[in-house]
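Number of protein chains: 2
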Amino acid sequence: MRSTADDQTLRSRIRDSAIALFGAHGADAVSVRRIAAEAGVSPALVIHHFGSKEGLREECDAHIVEEVLGRKRTALESQGGDLQSAMQRWLADVDAHRASLDYLARMITDGSPAGDRLFDDLLARTETMLAEGVASGRMRPSSDPRMTAVLIAMHGLLPLLLERHLGRALGEPALTPSLVRRMTVPTLELYTHGLYADDALLEAASAVLAGDPETARGPRSDKAAGDPNQDPDPPRPRASDH
Amino acid sequence: MRSTADDQTLRSRIRDSAIALFGAHGADAVSVRRIAAEAGVSPALVIHHFGSKEGLREECDAHIVEEVLGRKRTALESQGGDLQSAMQRWLADVDAHRASLDYLARMITDGSPAGDRLFDDLLARTETMLAEGVASGRMRPSSDPRMTAVLIAMHGLLPLLLERHLGRALGEPALTPSLVRRMTVPTLELYTHGLYADDALLEAASAVLAGDPETARGPRSDKAAGDPNQDPDPPRPRASDH
DNA sequence: TCGGCGGTTGAACGCATGTTCAGGATGCTC
DNA sequence: GAGCATCCTGAACATGCGTTCAACCGCCGA
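Protein chains in written order, with our numbering: chain A, 1 to 242; chain B, 243 to 484.
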């Protein structure tokens with residue numbers, strides 16, 4: 001990485017250092033000075049190029065978004081179709097994207113607009129993939145296709161979000177290629193046969209929920225809709241900006 | 243203000259304010275002054291009671307750990323057995339634990355020892371639940387029970403970790419009880435019948451992985467040695483099992 | 001040779017942070 | 001009432017932060 005770093009412009013080198021540090025520690029925990037030191041430049045140059053720390057953050061977001069969407073697009077076009085395995089393939093050469101992965105995981109969980117975009121894109125692709133799979137008979141229809149798409153999209157993100165615990169639980173230092181390989185068959189087992197041997201639980205749950213009309217479409221249980229106290233904080237304008 | 247707040251000791255009120263603010267914004271983004279203001283005390287008192295901001299953080303961690311493990315234990319004992327539905331039940335009365343949930347999600351993703359403890363506990367329970375399910379014939383055996391336990395444990399955490407996107411995708415402001423209810427049947431469908439209509443993909447993948455035991459010798463990169471980007475953290479602590 | 005112009009820097013500014021400390025308030029004991 | 005312990009605070013401190021700014025460098029066109 002250092003070998004190619006010297007012919008980068010300083011600007012892109014700053015951005016790459018920021019992505020690595022933001023990904024590893026979180027944006028709040030990384031100072032402009034540290035990014036500058038990592039990139040081998042002065043703190044002033046960071047501000048000069050990106051206007052502010054927040055500007056740098058946004059450019060990092062945009063860079064990752066483009067990298068991910070672009071990569072996923074080409075992967076899908078070149079191989080046709082299977083999102084699940086496309087994502088597995090993408091995760092497989094993890095070494096090449098090590099710096100991006102942590103950053104990506106943070107984007108998806110930190111509530112940023114860029115993270116929303118990524119998730120929405122993933123969800124849309126998942127939903128059409130499921131629709132096509134069902135139409136072609138390769139996949140089972142769901143009683144709630146939208147929810148099923150959300151569930152499966154979220155499943156695909158798990159190795160990203162819980163890389164740490166996944167590795168710890170299986171004795172690997174991180175999301176190694178061998179770990180990704182080991183995940184493949186158990187994942188497909190679940191997606192092929194499920195977990196339960198019979199449909200007793202499913203039938204029971206369906207019956208209970210169907211028998212309770214408020215559950216399926218009930219506009220509000222006692223207080224959900226009108227209650228502004230969804231937020232843990234006292235009434236306070238959503239201060240998600242910085 | 244709060245009905246129950248006044249009879250709390252100031253100490254526990256500070257801790258609860260900290261949990262709410264840490265959960266909502268992340269510990270780094272919340273200052274001692276803001277916690278103090280939220281609890282209606284002086285910043286100095288926060289330090290006096292907890293020694294430091296980090297001390298406060300650790301006490302918040304411990305408090306959440308005890309709350310979660312204690313609650314899960316009683317839920318399991320009183321109902322016997324089914325971890326999946328126990329967790330669903332726990333998520334169902336989400337309003338009561340709103341403040342804890344965001345904090346919990348951060349603990350699990352931020353790499354703290356307390357988060358590790360929680361995940362390990364969840365994984366252990368999941369693993370025994372699966373073993374019992376298989377032994378009793380209610381669940382299908384897996385070719386890799388450990389990995390399957392990890393996958394299912396991680397699945398159970400999804401609503402916590404991706405509450406934001408789950409809500410956004412389905413038009414709810416957060417993880418509402420009705421959302422939890424709507425998840426139930428699609429989740430059970432996946433766990434009962436799976437997603438794929440036949441086992442073509444599973445067979446293919448099994449064949450490939452079995453026939454090619456050393457699939458990835460090529461892409462192993464050699465960059466790791468001296469790369470400073472590789473090691474923003476202390477060397478992976480590898481906190482092995484219990 | 002000159003002038004200008006991006007790219008780059010060291011030093012500084014104002015500010016918010018975590019923390020300290022001397023002491024005020026309150027209530028209990030003799 | 002005096003002494004004491006406990007709980008709590010306002011004011012300050014040192015530090016690190018994001019950011020600004022005047023000036024320096026090396027290059028290129030005139």
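Even glycine gets a Cβ: it sits at the ideal position worked out from N, Cα and C.
Going by C-alpha positions, ASP363 of chain B is about 43 Å away from SER52 of chain A.
Distances from the CA of LEU201 of chain A to each of B:ALA439, B:HIS435 and B:LEU444 were compared; the closest alpha carbon is that of B:HIS435.
Beta-bridge analysis with DSSP links MET139 of chain A to B:TYR438.
Contact check for ALA347 of chain B against LEU402 of chain B passes: the beta carbons are separated by less than 7 Å. Taking all protein chains in view, the Cβ of SER384 of chain B is crowded by 16 or more other Cβ atoms within 10 Å, so the residue is classified as buried.
The contact set of LEU408 of chain B on chain A, defined by CB atoms closer than 8 Å, consists of VAL150 and MET154 in chain order. For the C-beta of MET389 of chain B, the chain A residues within less than 8 Å are, from N- to C-terminus, LEU170, ARG182, MET183 and PRO186. As the crow flies, the alpha-carbon of LEU130 of chain A is around 10 Å from that of SER136 of chain A.
Residues of the segment 360-371 of chain B whose Cβ lies closer than 7 Å to any Cβ of chain A, in chain order: PHE361 and LEU365. By the neighbour-count criterion, in which a residue is buried when 16 or more other Cβ atoms sit within 10 angstroms of its Cβ, HIS290 of chain B is exposed. Contacts between HIS193 of chain A and chain B, judged by CB atoms closer than 7 Å, involve ARG382 and GLY436 in chain order. For SER259 of chain B, the three-state secondary structure derived from DSSP is helix. Judged by their CB atoms, ALA281 of chain B and ILE306 of chain B are not nearer to each other than the 7 Å cut-off. Shortest Cα-Cα distance from TYR345 of chain B to any of B:GLY413, B:ASP441 and B:ILE261 involves B:ILE261.
In chain order, VAL185 make up the part of chain A whose C-beta sits under 7 Å from the C-beta of SER448 of chain B.
With contacts defined by Cβ atoms closer than 7 Å, LEU162 of chain A and MET396 of chain B form a contacting pair. Just measuring C-alpha positions, the residue of B:ILE277, B:SER448, B:LEU393 and B:PRO419 sitting nearest LEU190 of chain A is B:LEU393.
Contact of ALA29 of chain A with chain B by beta-carbon distance below 7 Å involves ASP270. ARG388 of chain B has its alpha-carbon roughly 35 Å from the corresponding atom of ALA114 of chain A. Listed along chain A is no residue with a C-beta nearer than 9 Å to that of THR251 of chain B; the closest approach is about 20 Å.
Sixteen is the threshold: when 16 or more other Cβ atoms of the shown chains lie within 10 Å of the Cβ of ASP303 of chain B, as they do, the residue is buried.
In the three-state DSSP reduction, VAL185 of chain A falls in the helix class (H, G or I). Between VAL427 of chain B and SER206 of chain A, the C-beta spacing is below 7 Å. The Cβ of LEU201 of chain A sits closer than 7 Å to at least one Cβ of chain B. VAL94 of chain A and PRO177 of chain A do touch by the CB rule: their CB atoms are close to 6 Å apart, below 8 Å.
Taking the beta carbon of GLY379 of chain B as reference, the chain A residues within 7 Å of it are ALA197, listed in sequence order. Distance from the CA of ASP440 of chain B to the CA of LEU188 of chain A, rounded to the nearest whole angstrom, comes to 11 Å.
Distance check between GLY265 of chain B and each of B:VAL283, B:GLY297, B:ASP352 and B:ALA278 places B:ASP352 closest, using alpha-carbon atoms only.
Interface with chain B (7 Å Cβ-Cβ cutoff): SER143 of chain A is included. For ASP337 of chain B, the enclosing alpha helix (DSSP H) has its first and last residue at 336-351. At least 7 Å separates the CB of GLY211 of chain A from every CB of chain B. Membership of VAL41 of chain A in any alpha helix (DSSP H) is not indicated, and neither H nor E is assigned to it by DSSP.
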